[in-house]
Amino acid sequence: MLARASRVFLNLARISIGVVLLYFVVSRTQGFRSIGDLLSRVTVWMALAACFLVGTFVEAQRITVLLRAQGFQLPFPRACRVVMIAIFFGLVIPGGTGGDLIKFYYLAGDQKGRRLEVATSVLLDRAAGLYSLLFVVTVLALCNPTLLATVAVVRLLVVLAGLGVVGFAALALVSTSQRLRGSRLFSFVTTRMPFHAYARRFADTLHVFRARPRAVFGAILLSLAGYAVTCLVFLVVGRVAIPQASLQEVLLLGLLGMLANVLPVTPGGLGVGEAAAAALFRLAGYHGGASLILVWRAGMMVVALLGGLLYLLGPARVRLLSEEGPGAVALNNSLGREPE
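Our numbering numbers the first residue of the sequence shown as 74 and each following residue consecutively.
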């Protein structure tokens, strides 16, 4: 009872922090007026529509590609529905993993025998998105040598992003290494340690992607396409809200704000991304940085509302059914409807 009360209190505290932080940032930067002006422009809404239409399709196709590599089949329209519902819960559940948990809940369904494989695909889906964001930040940093030389905080964040890119690549190589799988350490972890059976299945699931590199690279390329459209939104908003900043600076500082948005502090990074973007642009000598994340979040809210509506219209379980063909498995996401 005490533990449950503590969780509720922690969740309410996170929500409160996000709301207070968002209000503080917006009020201090005259964001209410600027956001109203930005959202009254047709070009901004066109960019937002493109961003979240493409973003939803990208995320749906990415999880589909990763699941297919393990013998699952997920119809694309149903994948889009799951993604929108996950976006809704990602914005209302405190922490940074609410959307991922909902994806797992929907995609795993009642498939008790292969839930770990589905969970691994969801984990790799998140990793592909984060890796792509770190990669784009690192590339954009090369286009902003002056900004890196003059703003120490930006320089530090870019170095950390670059280390993240290298670290992800190294982890991928190690986790799929044949030499590691033949080592005594691997044998001990997967045969003798507590929960060794789960460790073995997790390692085997990761190893599947060694034989299917196209799935991993495809997921990363899809993520890069999604961030390219996000950059389009930042460019449109930046030209209006921060006209004195160069396009390269707008993109780099805006995406660094997006990185802060990933931190599991408040629901969907509420207030955190805005505060980070405002601070980074201020360090670079500009005002209005919070507008980038605020407008992006306004568009995200539209998708989240659609996801919430889809959740209310359909029950909340997904069924995993066998498909015709040797070894194939079908993900029949009927969202509660019985298969015909």
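Heads up, the beta-carbon is just placed ideally off N, CA and C, and yes, glycines get one too.
Just so it is clear, the structure is predicted and the values come from calculations on it, not from any experiment.
CB contact flag (residue i, residue j, <8 Å)
{"i": "Phe-208", "j": "Val-247", "result": "no"}
{"i": "Ala-142", "j": "Phe-282", "result": "yes"}
{"i": "Leu-383", "j": "Met-157", "result": "yes"}
{"i": "Leu-164", "j": "Ala-377", "result": "yes"}
{"i": "Val-310", "j": "Ser-256", "result": "no"}
{"i": "Leu-126", "j": "Ala-292", "result": "no"}
{"i": "Ala-181", "j": "Gly-172", "result": "no"}
{"i": "Val-210", "j": "Ala-234", "result": "yes"}
{"i": "Leu-229", "j": "Val-335", "result": "no"}
{"i": "Val-131", "j": "Ala-276", "result": "no"}
{"i": "Val-302", "j": "Cys-124", "result": "yes"}
Backbone CA spacing between residue i and residue j [nearest angstrom]
{"i": "Leu-326", "j": "Ala-350", "result": "7 Å"}
{"i": "Thr-116", "j": "Ala-242", "result": "38 Å"}
{"i": "Ala-288", "j": "Leu-206", "result": "18 Å"}
{"i": "Leu-353", "j": "Cys-304", "result": "17 Å"}
{"i": "Val-212", "j": "Thr-223", "result": "18 Å"}
{"i": "Ile-175", "j": "Leu-332", "result": "22 Å"}
{"i": "Ser-250", "j": "Arg-273", "result": "14 Å"}
{"i": "Arg-254", "j": "Thr-264", "result": "12 Å"}
{"i": "Pro-218", "j": "Arg-188", "result": "46 Å"}
{"i": "His-280", "j": "Ala-270", "result": "15 Å"}
{"i": "Gln-146", "j": "Thr-129", "result": "18 Å"}
{"i": "Val-226", "j": "Ala-201", "result": "25 Å"}
{"i": "Val-368", "j": "Pro-286", "result": "36 Å"}
{"i": "Leu-258", "j": "Phe-177", "result": "30 Å"}
{"i": "Val-323", "j": "Cys-216", "result": "12 Å"}
{"i": "Trp-118", "j": "Tyr-179", "result": "31 Å"}
{"i": "Ser-113", "j": "Arg-151", "result": "33 Å"}
{"i": "Ser-260", "j": "Met-266", "result": "9 Å"}
Exposed unless 16 or more other CB atoms sit within 10 angstroms - verdict on residue i
{"i": "Gln-134", "result": "buried"}
{"i": "Val-375", "result": "exposed"}
{"i": "Val-155", "result": "buried"}
{"i": "Phe-161", "result": "buried"}
{"i": "Phe-290", "result": "exposed"}
{"i": "Ala-284", "result": "exposed"}
{"i": "Leu-197", "result": "buried"}
{"i": "Leu-320", "result": "exposed"}
{"i": "Ser-194", "result": "buried"}
{"i": "Arg-252", "result": "exposed"}
{"i": "Arg-312", "result": "exposed"}
{"i": "Gly-26", "result": "There is no way to answer for residue 26, as the model of the chain reaches only from 74 to 413."}
{"i": "Gly-358", "result": "exposed"}
{"i": "Leu-328", "result": "buried"}
{"i": "Leu-385", "result": "exposed"}
Own chain partners of residue i with C-beta closer than 8 Å, once the 5 adjacent residues on each side are dropped
{"i": "Phe-54", "result": "This structure does not reach residue 54, given that the chain is present from 74 up to 413, and the question cannot be answered."}
{"i": "Ala-122", "result": "Gly-372"}
{"i": "Gln-317", "result": "Tyr-359"}
{"i": "Arg-355", "result": "Gly-362"}
Own chain residues within Cβ distance below 6 Å of residue i, not counting five before or after
{"i": "Leu-408", "result": "A caution first: Leu-408 carries a pLDDT of 37, below 50, which makes its placement in the model too unreliable to give a value."}
{"i": "Ala-120", "result": "Leu-305, Val-306 and Val-309"}
{"i": "Gly-398", "result": "Reliability fails at Gly-398, whose pLDDT of 35 lies under 50, so the model's placement of it is uncertain and no value is given."}
{"i": "Arg-410", "result": "Any reading at Arg-410 is ruled out, since the residue's pLDDT is 39, under 50, leaving its predicted position unreliable."}
{"i": "Ile-366", "result": "Gly-330, Gly-346, Glu-347 and Ala-350"}
{"i": "Leu-236", "result": "none"}
{"i": "Gly-361", "result": "Ala-314 and Ile-315"}
Contacting residues, own chain, Cβ-Cβ under 7 Å from residue i (five flanking each side not counted)
{"i": "Ala-214", "result": "Leu-221, Val-231 and Leu-325"}
{"i": "Arg-199", "result": "Asp-173"}
{"i": "Val-300", "result": "Note on residue identity: the sequence assigns Tyr, not Val, to residue 300. Excluding residues within five positions, the ones whose Cβ falls inside 7 Å are Ser-205, Leu-206 and Val-209."}
{"i": "Leu-379", "result": "Met-157"}
{"i": "Gly-381", "result": "Phe-161"}
Contact test: residue i Cβ vs the ligand SAM heavy atom, cutoff 7 Å
{"i": "Ala-318", "result": "Within the structure as shown, the ligand SAM is missing, as the structure has no ligands at all."}
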